[in-house]
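Presented below is the structure to which this report refers.
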């Protein structure tokens with residue numbers, strides 16, 4: 041009896057395998073998603089994966105690429121470690137995957153750029169292409185730029201450009217405080233802020249430039265007391281994750297009255313931790329929840345809704361990465377333009393590509409592989425059912441645009457000197 | 004002046020939260036000789052339970068029910084888990100609590116997901132009680148302070164004035180002797196473990212919304228709690244109190260100072276060359292070292308006085 045069951049099971053498996061293989065004539069194009077799926081940053085990586093999956097499903101249901109080939113997102117857990125990422129990259133390549141995407145952590149991105157570059161040099165017939173959707177250290181599309189790397193997020197200098205432009209137009213601000221995480225990204229934010237403020241508003245005094253250990257501070261009230269002591273009217277911070285939520289909470293509790301210009305106040309999971317402490321915080325992003333209302337784009341509102349229904353967990357983890365949509369749409373175009381799924385051909389097709397999103401034209405830099413897209417400074421306020429229609433992560437507070445930087449105005453001078461194969 | 008007063012108050016609040024977490028751990032360690040790695044996980048569970056209960060029955064019910072549930076859970080863990088592995092020695096017990104910490108974290112991921120919870124301070128406690136100079140002092144911090152002081156007083160009285168307390172005290176130092184006298188030492192163990200877990204749970208209930216409620220909250224606060232009990236002395240409640248306040252004050256005030264080694268050298272009229280050895284070492288400011296100071300203090304304490312501030316046992 042047992043043996044018979046076993047044989048039946050085996051037979052069934054074989055039949056399934058044979059059929060599943062013959063069911064699809066063309067293999068799907070697989071894209072490896074290498075990001076943290078466990079540990080402290082697992083939630084962010086998981087949400088990113090769902091964004092990609094949603095986009096791949098959408099593209100597939102609309103007919104796929106290259107006349108019917110499907111896209112498939114294959115997740116790899118890198119535990120946000122550069123070393124582990126290289127192992128996962130190797131796994132992906134061994135499985136025959138030729139396209140990878142990653143976003144969390146510039147240390148990881150730096151390692152991947154190097155590894156992909158080396159791999160492609162040694163295996164010119166099996167090249168790999170890397171799409172970066174969130175690691176924003178400027179060097180990756182500047183002095184360290186590489187042909188096999190494309191970035192779809194605005195880098196630190198571009199975002200700081202938008203922030204300092206906004207501060208420039210606010211004459212009441214004459215003291216600015218900088219608080220950042222003590223690692224390569226935090227230092228890049230601080231350096232960019234100091235340089236640009238000096239150029240745009242030499243009268244502004246930088247009253248503080250604090251670096252705190254990343255992910256180690258439990259209570260930010262001492263830092264907030266220090267900001268208060270400095271008399272700053274504005275604070276610029278690149279903090280993300282728990283470092284952003286805890287800072288926001290302490291700010292609210294102390295009643296500190298300063299304008300907070302952040303990179304990631306609306307970042308995944310941050311608003312739900314902060315709750316009403318979101319009120320008044322500003323963020324710089326390429327997309328936010330209420331853009332569709334402000335610029336009257338019902339199509340985008342519908343898209344946001346359909347994602348949130350499928351993966352939003354009742355509004356707890358809503359759509360966030362507007363740029364993932366842009367990236368996937370441009371990727372489809374690049375495949376079709378190249379006429380093949382060869383990474384080199386796709387890369388050449390992607391260079392200089394223009395694309396129209398709901399919010400204007402975006403351009404992939406031909407020289408440095410940096411996407412130029414409109415950037416928005418938005419402020420979180422209580423939803424009012426009109427312009428602030430949608431809130432972020434069920435907090436009751438949603439973003440409302442304060443300033444828009446047009447696509448071409450986000451460009452910064454590039455020092456990229458790329459070698460092409 | 005404003006900075007000092009506010010920082011002092013902040014250190015008091017954070018210090019007392021640390022104390023509530025570490026008091027249970029120090030009692031458990033002092034008594035059973037087991038470093039409970041899952042202690043911070045009970046703190047995390049406390050916050051999650053409180054969130055869930057407050058959804059149905061409000062914060063005040065959660066404040067009472069959640070710690071009791073965590074206490075019962077802790078007692079059950081001792082009765083059915085630790086007691087079973089006890090006969091295999093300390094290593095087995097240590098590994099058991101270590102595994103338990105992972106289990107609890109994974110369980111929380113399964114039930115509540117990876118994303119941080121929207122567990123907020125109840126609106127009845129979400130206002131400013133007084134303004135000090137230019138800063139608001141939220142009533143919730145005062146509430147936390149009151150609860151933790153209350154807990155300290157109750158624990159202190161319980162341990163010194165009641166018969167149970169005296170037996171617990173005795174079991175801390177002479178467990179065999181207490182057993183010989185006919186007391187049910189395993190039951191006392193269960194009581195202490197349950198009580199300690201309940202305290203961690205309570206810290207979670209009031210700390211979860213003050214700080215944050217996410218699956219990483221145990222990892223974030225866990226190590227510092229160990230530091231507290233090492234510095235305070237294993238098994239000493241007063242030691243834990245002093246160490247908690249000391250660490251909180253140290254961390255809070257370190258943030259306020261911008262001095263680096265370069266400034267120290269400048270006092271002696273020494274200037275560093277343009278490219279000194281270890282360039283990063285010299286630029287480190289006191290404020291950067293804040294989160295590291297407790298660990299430094301622990302190392303110094305272990306070298307100079309291994310039993311801690313108020314500890315009585317050397318090993």
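Protein chains in written order, with our numbering: chain A, 41 to 461; chain B, 4 to 318.
Backbone N, C-alpha and C fix where the C-beta goes; we use that ideal spot for every residue, glycine too.
This one's a predicted model, so the numbers in the text were calculated from it and none came from an experiment.
What residue 435(A) touches in chain B, judged by beta-carbon distance under 8 angstroms, is 121, going in chain order. Between residue 45(B) and residue 244(B), the beta carbon gap of about 20 angstroms keeps them out of contact (Cβ cut-off 8 angstroms). The C-beta separation of residue 157(A) from residue 186(A) comes to about 5 angstroms, placing the pair in contact by the 8 angstroms criterion.
When C-beta distances to chain B are compared with 8 angstroms, the residues of the region 252-263 of chain A below that value are 252, 253, 255, 256, 257, 258, 259, 261, 262, 263, in chain order. Following the DSSP letters along the chain, one finds residue 169(B) inside the alpha helix (DSSP H) bounded by residues 166-176.
For a Cβ distance threshold of 8 angstroms, residue set 258, 259, 261 of chain A lies close to residue 17(B), ordered along the chain. What residue 334(A) touches in chain B, judged by beta-carbon distance under 7 angstroms, is nothing: the nearest beta carbon there is about 25 angstroms away. Short of 6 angstroms from the beta carbon of residue 173(B), and not among the five residues preceding or following it, lie these beta carbons of its own chain, in chain order: 181.
Here the region 332-344 of chain A makes no contact with the region 299-315 of chain A; the two share fewer than three CB pairs at distances below 8 angstroms. Listed along the chain, the chain B residues whose CB falls inside 7 angstroms of the CB of residue 315(A) are 121, 123.
Below the 7 angstroms Cβ cutoff, chain A contributes no neighbours of residue 127(B), its closest Cβ being approximately 14 angstroms away.
The Cβ of residue 291(B) sits closer than 9 angstroms to at least one Cβ of chain A.
Assignment of beta-bridge partners to residue 215(A) by DSSP yields 245(A). If you ignore the 5 residues before and after residue 423(A), its C-beta comes within less than 8 angstroms of the C-beta of 429, 430, 431, 436, 437, 438, all in its own chain and listed in chain order. Within the region 332-420 of chain A, the alpha helix (DSSP H) runs of at least 4 residues that lie entirely inside it are, in chain order, 338-351, 362-378, 383-390. Residue range 93-115 is occupied by the alpha helix (DSSP H) that includes residue 107(B). By the Cβ test, the region 203-223 of chain B is in contact with the region 60-76 of chain B, since at least three Cβ pairs between them sit closer than 8 angstroms. In chain order, 251, 254, 255 place their CB closer than 8 angstroms to the CB of residue 17(B), counting only its own chain and leaving out the 5 sequence neighbours on each side.
Residues of the same chain with their beta carbon placed closer than 8 angstroms to that of residue 91(B) are lacking, with the five preceding and five following residues left out of the count. The beta strand (DSSP E) runs lying completely inside the region 183-215 of chain A and spanning 3 residues or more are 189-191, given in chain order. A Cβ of chain B is located within less than 9 angstroms of the beta carbon of residue 312(A). Neighbours of residue 62(B) across chain A, judged by C-beta separation under 8 angstroms, do not exist; the nearest C-beta is about 13 angstroms away. Residue 128(B) and residue 217(B) have their C-alpha atoms some 22 angstroms from each other.
Note that the region 392-411 of chain A does not touch the region 115-133 of chain A; fewer than 3 beta-carbon pairs, one per stretch, sit closer than 8 angstroms. Within the same chain, and ignoring the five residues on either side of residue 286(B) in sequence, the residues whose Cβ sits closer than 6 angstroms to its Cβ are 263. Contacts between residue 309(A) and chain B, judged by CB atoms closer than 9 angstroms, involve 117, 118, 119, 217 in chain order. At a Cβ-Cβ threshold of 9 angstroms, residue 361(A) and residue 88(A) count as neighbours. Chain B has no Cβ within less than 9 angstroms of the Cβ of residue 346(A). Shortest Cα-Cα distance from residue 67(A) to any of 141(A), 75(A), 109(A) involves 109(A). The C-alpha of residue 418(A) is placed about 48 angstroms away from the C-alpha of residue 273(B).
With a cutoff of 9 angstroms on beta-carbon distance, residue 320(A) and residue 420(A) are scored as near each other. Apart from the 5 residues on each side of it in sequence, residue 441(A) sits with its Cβ closer than 6 angstroms to the Cβ of 334, 416, 418 in its chain, given in chain order.
As DSSP reads the structure, residue 438(A) sits in a beta bridge with 421(A). Using a Cβ-Cβ cut-off of 8 angstroms, residue 139(B) is close to 293, 294, 295 of chain A, given in chain order. Annotation: the continuous beta strand (DSSP E) that includes residue 73(A) extends over 69-75. Residues of chain A whose Cβ lies closer than 7 angstroms to the Cβ of residue 255(B) are, in chain order, 262.
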